[in-house]
Each structure stands twice: as structure tokens, then as C-alpha cells.
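When the count follows the numbering used here, it moves up by one through the sequence shown with no breaks and lands on 117 for the last residue. Structure first, commentary second.
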Amino acid sequence: MSKFAALLVMLCLLLPAAGYTDDGCCELAGDANDDGAVNLLDVTYIIDWIYKDGPEPPCFDQADADGRQGGHILDVTYLINYLYKNGPAPVCGTSGE
Ligand SMILES: [Ca+2]
Numbered sequence: 021m022s023k024f025a026a027l028l029v030m031l032c033l034l035l036p037a038a039g040y041t042d043d044g045c046c047e048l049a050g051d052a053n054d055d056g057a058v059n060l061l062d063v064t065y066i067i068d069w070i071y072k073d074g075p076e077p078p079c080f081d082q083a084d085a086d087g088r089q090g091g092h093i094l095d096v097t098y099l100i101n102y103l104y105k106n107g108p109a110p111v112c113g114t115s116g117e
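In C-alpha cells:
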């Protein structure tokens, strides 16, 4: 095995353990409550999480609807714009969480 191949194998083994994955958990951008749909319930889920000490999203990158890292009111307005004003589709966050 060449040194390059050995290094590649080591990286493949180490990176997932360190939490550095390419795809994270995001399967449906904007699906904050992870129920398989993007709708008003995701808007209320994010509001509940941020302002009412509600449960954290099962996948932060799905709740990060605008892809700007972190959950905040901009994700709420982004989702409302998408759902009711033909705004751009949600995107997956890139935190890997
Ligand atoms: Ca949902």
C-alpha cells in the first residue's frame, strides 16, 4: 500500500470520529421538526425553540433554512417567505449537526 493510500485510509477512519462529515444530517432543508415536510409547523417549531425554550431541532442544519449558520429569526422569515411568498427554497446549513 502506498503512503498516499495509507494516509487516505487513515483520514477516512479519523474524520467521522472527529465529527467532520460532508453531508451532516440534513435530508430536507427547512424541515426543522424533522417530520418529512416543510410547512408552518417548522416555523412555529423554530420560534418555540429560539424564544420559548422549546426542544432543539433534531438536525440543526435542517432548521438553518437560510444556510447562514445558526438558528434565529432570519430562518423564520426565510421559511415564511418560501412558504407564502414564493421565496427561494430553504437550503441545508453546513454545520454538520
Ligand atoms: Ca417539518
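All residues carry an ideal CB built from backbone N, CA and C; glycine is no exception.
- Message: So, at 7 Å on beta carbons, what are the nonlocal neighbours of D51 in its own chain, with the 5 sequence-adjacent residues on each side left out?
- Response: Looking up residue 51 in the sequence shown gives position 31. Cβ neighbours of D51 beyond the five flanking positions: A57, V58, D62, Q82.
- Task: Let me know the secondary structure DSSP gives L48 once reduced to three states.
- Result: Translated into the one-based positions of the sequence shown, residue 48 becomes position 28. Looking at L48 - three-state DSSP - the assignment turns out to be coil, as it is neither helix nor strand.
- Query: Under 8 Å between the Cβ atoms of L99 and A109?
  - Reply: The count along the sequence shown starts at 1 and reaches residue 99 at position 79. The count along the sequence shown starts at 1 and reaches residue 109 at position 89. Taking 8 Å as the Cβ cut-off, L99 and A109 do not qualify as a contacting pair.
- Message: What would DSSP say about V111, mapped onto helix, strand or coil?
- Response: Here the question's residue 111 lines up with position 91 in the sequence shown. Coil at V111, not helix or strand.
- Message: For ligand 1, I want to know if D62 counts as a neighbour, meaning its beta carbon is within less than 7 Å of at least one of the ligand's heavy atoms.
- Response: Taking the first residue of the sequence shown as position 1, residue 62 is located at position 42. Within the cutoff, so yes.
- Query: Just to confirm, does V96 get its C-beta within under 7 Å of one of the non-hydrogen atoms of ligand 1?
  - Reply: In the sequence shown, counting from the first residue as 1, residue 96 sits at position 76. No, the beta carbon of V96 sits no closer than 7 Å to any heavy atom of ligand 1.
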